[in-house]
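Protein chains in written order, with our numbering: chain A, 105 to 283; chain B, 2 to 476. As C-alpha cells, the structure follows; a few thoughts come after it.
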C-alpha cells in the first residue's frame with residue numbers, strides 16, 4: 105500500500121515501561137531502522153532493546169579535552185616565553201609544571217563545551233518543529249506515557265503491515281503522524 | 002547467583018547459611034506514579050505565587066542591597082574602605098570568597114561524584130544543590146573581583162591583549178585560581194542546564210496546553226525542541242555521564258587550587274601540604290551544611306517528604322559527619338606536624354591560633370566543625386528535622402570561622418614582631434558580606450519559583466515502575 109507523501113509515520117501508545125521495552129525488542133527484530141521510542145525519562149536497557157549503538161559523544165569530548173590541554177600549554181608558552189619575556193621570581197620563562205593547573209582547567213572546560221555541543225549536534229537539536237511534537241497526546245510522552253514512532257521513510261514501512269506489527273506488540277491508539 | 006550456587010555445592014556447610022536480605026531504601030515513598038511526580042514538581046511553578054515567597058523575596062532584596070551599597074561605596078572611594086592594612090592585607094574578602102566557593106562544592110559533589118558512584122538518592126536533591134553551587138560561585142566572585150580595587154580593570158585577570166602588551170603571570174596560584182573558578186562556574190552552569198532540558202520540555206508542553214504562550218515560548222526556547230526521543234536520551238545520558246566524569250576532577254581541583262593560594266606561599270600556618278585534601282573535605286562539609294539548611298525548609302514548605310525522605314536526610318547527615326570528622330582530623334594533624342616539624346615559626350603560628358588574640362575565633366571553629374557533626378552519629382538526631390537544621394547552621398558558621406582563622410591569624414602574626422597587627426573588619430566589609438546572603442537568597446527564590454526544583458525525569462527513572470523487568474533481576 106503506498107503511503108501519502110504527507111505521512112511522517114505511525115505512532116503507537118504504551119502505558120508502561122516494560123510494555124514499551126518488549127515492543128521495542130519486537131520492532132528491532134522486525135528489521136526496522138528509522139524508528140524511535142518517546143519516553144518521559146531514560147528507560148534503562150532501552151538502547152539495547154532498540155539495537156542502538158554506543159553514542160559517539162565521548163569521541164567528541166576527547167577531542168575537546170585534547171584541544172583544551174594543548175591550548176593551555178601553548179598559550180602559557182607563547183605569552184610567557186615568546187611574546188613578552190619577563191622573568192618573575194627567577195623562575196623559568198616556561199615550564200610544564202606551572203602551566204599544568206591552567207591547562208588542566210582548560211582541558212575540563214573544553215571537554216564540557218565539546219560534550220554539550222556534540223550532544224546537541226548528534227541529536228540534531230535545537231529543532232523546535234517536529235512531526236512528533238504535533239501529535240495531540242505527545243504531552244503525556246513527557247509525563248507518564250511511552251510511544252513508538254515508526255517513520256514512513258523506513259524501507260520496511262508499509263501502512264497496513266506496520267500498523268499490524270504495532271498492534272501485535274501491544275501498541276494502543278495507533279495513529280498516523282503528519283509530516 | 003550462579004557463582005553462589007556453585008560454591009554452595011562445593012561447601013555443603015554454606016547451604017545452611019542464610020544471607021541477610023538487605024532491602025534497598027525506597028527513594029520515592031508511597032509508590033507514587035509518574036504523573037504524580039510531574040504534577041508535584043510542576044505544580045510549584047504553575048501555582049499562584051505564595052505570600053511567603055513575596056515576603057522572603059522582598060526581605061532578600063533588602064539584604065542584597067547591602068552588598069550593592071557596600072560595593073558602590075568601595076568603587077566610588079577605593080579599596081581602602083575595607084579594613085585591610087599591613088600585615089593583614091587579605092582578610093574578609095578572601096575569607097568570604099573561600100567560604101562561598103566551598104559551599105558550592107557540595108552541589109557538584111551531589112550531582113557529579115554521587116552520580117558516578119550510582120548513589121540514586123542524589124536525584125531528588127541534585128537540581129537544587131547545583132543551583133546552590135552556581136549562586137554560591139556568583140557570591141564568591143564578588144569579593145576577588147572588587148578587591149582588585151579598580152574593578153574596571155578586572156579583565157586584566159584573563160589573557161586578553163591589552164595596551165601594556167604584558168601577559169598574566171601564569172606562575173602565580175592566583176592566576177590558576179582565576180581559571181579554576183571561572184571554569185568551575187561555567188561547567189556548573191552547563192551541567193545544570195543539560196540536566197534541565199527534559200524538564201523544560203515538560204513545562205513547555207504544560208504551559209502550551211494551559212494557553213500561556215509566553216511562558217511556553219520561553220521554556221520551549223531553552224528546551225531546544227526536546228521530544229523525549231530515546232535516540233536523544235542515549236546521547237544525552239552519555240553526555241551527562243561525561244559531564245559528571247569531568248566535574249569530579251574539576252571540583253577536587255578547584256578547592257585544591259584555592260588552597261594553593263595559601264599553601265604555595267611561605268607564611269607559617271599556610272605553607273603546608275595538607276591544605277589541598279583538607280580544603281576539599283572542608284568544602285564538602287560546608288556545602289552539605291548549606292544543602293541541609295536550604296532543603297529542609299523547602300521540603301517542609303512544599304510538602305516534599307515523599308521525595309526527600311528520611312533516608313535522604315540520613316545520607317546527607319552521614320556525609321556531613323564523615324567530612325566534618327576529616328576536617329577535625331586535619332586540625333589535629335596540623336598541630337602534630339607543627340610540633341613534629343620542629344620549626345619554631347610554624348609551631349608559634351599554631352599555638353597562637355589556639356591561644357592568641359584570635360583564640361575566640363579558633364574555638365568557635367572547633368566547636369562548630371568538630372563537635373557539631375558528632376551529633377549525627379545518633380539516629381534520633383538525624384530524625385529530628387529541626388535539630389538537623391539548627392546543626393547545619395552551626396556547620397555554616399564554623400566553616401566561615403575556619404577560613405577566618407587560617408587567613409587572619411597567620412597574617413596578623415607573621416615573621417617580624419614589629420609588623421604584627423590586629424585586624425577588624427570595617428562596616429563596609431560587614432555590609433558587603435551580609436548582603437551576599439541576600440544575593441544568594443534572591444537567586445535561590447527565583448530558582449524555586451521559575452524552574453523545577455527536582456529533576457523529574459531522573460526521579461521517574463528511580464521509581465520501581467521504571468524498571469522494565471518489573472523489579473526482577475534478569476539478564
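From the three backbone atoms N, C-alpha and C, an ideal C-beta is built for every residue, glycine too. Remember, predicted model here, so these are calculated numbers, not experimental data.
Contact set for residue i: own chain, Cβ-Cβ below 7 Å, skip 5 residues either direction
i: residue 89/B; result: 409, 412, 413, 422 and 424
i: residue 220/B; result: 201, 204, 205 and 208
i: residue 393/B; result: 290, 293 and 294
i: residue 459/B; result: 124
i: residue 474/B; result: The predicted model places residue 474/B with a pLDDT of 44, which falls under 50 and marks its position as unreliable; any figure quoted below should be read in that light. None.
i: residue 74/B; result: 82 and 429
i: residue 494/B; result: Outside the shown range of chain B (2 to 476) lies residue 494/B, about which nothing can therefore be said.
i: residue 140/B; result: 101, 437, 440 and 441
i: residue 195/B; result: 240, 241 and 244
Buried versus exposed call for residue i [16 or more other C-beta atoms within 10 Å across all chains shown]
i: residue 216/A; result: buried
i: residue 467/B; result: buried
i: residue 470/B; result: exposed
i: residue 193/B; result: buried
i: residue 248/A; result: buried
i: residue 112/A; result: buried
i: residue 241/B; result: buried
i: residue 271/A; result: exposed
i: residue 193/A; result: exposed
i: residue 275/A; result: buried
i: residue 243/B; result: buried
i: residue 13/B; result: exposed
i: residue 139/A; result: buried
i: residue 228/B; result: buried
i: residue 476/B; result: Note that residue 476/B has pLDDT 38, beneath the 50 cutoff, so the model's placement of it is unreliable and the number below is only indicative. When all chains shown are included, residue 476/B counts as exposed.
i: residue 8/B; result: Low local confidence applies: a pLDDT of 49 at residue 8/B is under 50, so the model's placement there is unreliable, with the coordinate-based value given in what follows. With fewer than 16 Cβ atoms within 10 Å of its Cβ, residue 8/B is classed as exposed.
i: residue 404/B; result: buried
i: residue 210/A; result: buried
i: residue 211/B; result: exposed
i: residue 97/B; result: buried
i: residue 266/B; result: exposed
i: residue 78/B; result: exposed
i: residue 264/A; result: exposed
i: residue 135/A; result: exposed
Limits of the unbroken alpha helix (DSSP H) element including residue i
i: residue 285/A; result: Residue numbering for chain A in the displayed model covers 105 to 283; residue 285/A lies beyond these limits and cannot be assessed.
i: residue 449/B; result: 428 to 451
i: residue 225/A; result: 200 to 227
i: residue 275/B; result: From DSSP, residue 275/B is part of no alpha helix (DSSP H); its letter is neither H nor E.
i: residue 242/A; result: 242 to 245
i: residue 253/A; result: No alpha helix (DSSP H) holds residue 253/A; the beta strand (DSSP E) holding it covers 250 to 255.
i: residue 140/A; result: Residue 140/A -> not in any alpha helix (DSSP H); beta strand (DSSP E) instead, spanning 139 to 142.
i: residue 234/A; result: That residue, residue 234/A, is in no alpha helix (DSSP H); it is neither H nor E in DSSP.
i: residue 94/B; result: 93 to 109
i: residue 303/B; result: First-last for residue 303/B: undefined, no H or E at that position.
i: residue 265/A; result: 263 to 272
i: residue 377/B; result: Residue 377/B -> no alpha helix (DSSP H), and no H or E assigned at all.
i: residue 145/B; result: 127 to 148
i: residue 314/B; result: 311 to 341
i: residue 359/B; result: Note, residue 359/B: premise wrong, no alpha helix (DSSP H); not H, not E.
i: residue 47/B; result: 35 to 47
Residue span of the beta strand (DSSP E) that contains residue i, given as start and end
i: residue 114/A; result: 111 to 118
i: residue 280/A; result: 276 to 282
Close Cβ partners of residue i (< 6 Å) along its chain, the five nearest in sequence each way excluded
i: residue 371/B; result: 329
i: residue 217/B; result: 205, 208 and 209
i: residue 287/B; result: 103, 104 and 400
i: residue 138/B; result: 105 and 186
One or two residues paired with residue i in a DSSP bridge
i: residue 230/B; result: 142/A
i: residue 86/B; result: 89/B
Residue i Cβ short of 7 Å to the ligand PLP heavy atom set
i: residue 329/B; result: Ligands are entirely absent from the displayed structure, and the ligand PLP is therefore not among its contents.
Where residue i meets chain D, residues with beta-carbon distance less than 9 Å
i: residue 150/A; result: Protein chains in the displayed structure are A and B, and chain D is not among them.
Same chain only: Cβ atoms within 8 Å of residue i, ignoring 5 sequence neighbours per side
i: residue 119/A; result: 249, 250 and 276
i: residue 230/A; result: 224
Exercise for the section: Report yes or no: do the stretch 457 to 465 of chain B and the stretch 116 to 132 of chain B share at least 3 C-beta pairs separated by less than 8 Å? Expected result: yes
Exercise for the section: Flag this pair as touching only if the stretch 193 to 203 of chain A and the stretch 236 to 250 of chain A have three or more C-beta atom pairs under 8 Å; answer yes or no. Expected result: With the cut-off at 8 Å, the stretch 193 to 203 of chain A and the stretch 236 to 250 of chain A do not touch.
Handout entry: At least 3 beta-carbon pairs within less than 8 Å: the stretch 42 to 54 of chain B vs the stretch 450 to 459 of chain B
Key = yes
Exercise for the section: Kindly confirm or deny that the stretch 259 to 279 of chain B and the stretch 397 to 409 of chain B touch, where touching means at least three C-beta pairs closer than 8 Å. Expected result: Taking 8 Å as the limit for Cβ pairs, the verdict is that the stretch 397 to 409 of chain B does touch the stretch 259 to 279 of chain B.
Practice task
Assess, as a yes-or-no matter, whether the stretch 59 to 67 of chain B is touched by the stretch 166 to 184 of chain A under the definition of 3 or more beta carbon pairs within less than 8 Å.
Solution key: no
Practice task
Decide if the stretch 156 to 170 of chain A is in contact with the stretch 219 to 236 of chain A; the criterion is three or more beta carbon pairs, one per stretch, under 8 Å apart.
Solution key: Inter-segment contact for the stretch 156 to 170 of chain A and the stretch 219 to 236 of chain A is present: three or more beta-carbon pairs are separated by less than 8 Å.
Practice task
Would you be able to state if there are at least three C-beta pairs under 8 Å between the stretch 376 to 385 of chain B and the stretch 317 to 324 of chain B?
Solution key: yes
Exercise for the section: Inspect the CB distances between the stretch 430 to 446 of chain B and the stretch 89 to 105 of chain B and report whether three or more fall short of 8 Å. Expected result: yes
Handout entry: Segment contact, 8 Å Cβ cut-off, at least three pairs: the stretch 272 to 286 of chain B with the stretch 254 to 261 of chain A
Key = no
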